[in-house]
Amino acid sequence: MDPRRIELNRRHSREMGELYRRFLDIHPEVECDDLPMSDAEDAAWGEFSADVLARHQAERAALAAQLEAEQQPRRTVSPAR
3 MDPRRIELNR RHSREMGELY RRFLDIHPEV ECDDLPMSDA EDAAWGEFSA DVLARHQAER
63 AALAAQLEAE QQPRRTVSPA R
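The sequence shown begins at 3 in the working numbering and counts up by one.
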């Protein structure tokens, strides 16, 4: 795996962890044990994290496009005769 993708994944993981901690601070009624969230809690988390999730998806897509472009053979222009 490309080191840039690994670093992006790590950064996203750290950011989502911090965002979830802030969510739990704002919503102390949400239990952070092994039980799944209720539908209402899940909806609140979805709304709370939507902007960050969208940014992460855009960043992953941009990196994927960049990596794919780097894999394409470069076209060279033949010198004019």
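Glycine is no exception: its CB is placed at the ideal position from the N, C-alpha and C atoms. The model shown is predicted, which means the values in this text are computed figures rather than measured ones.
Asked, Found
"Simplified DSSP assignment, three categories, for L37", "coil"
"CA-to-CA distance, N11 to E20, given in whole angstroms", "14 Å"
"Distance CB(R16)-CB(L65) smaller than 8 Å", "no"
"Three-state secondary structure (DSSP) of M18", "helix"
"Nearest-angstrom Cα separation, counted from E33 out to L55", "22 Å"
"Rounded straight-line distance, which links the Cα of R23 to that of E72", "37 Å"
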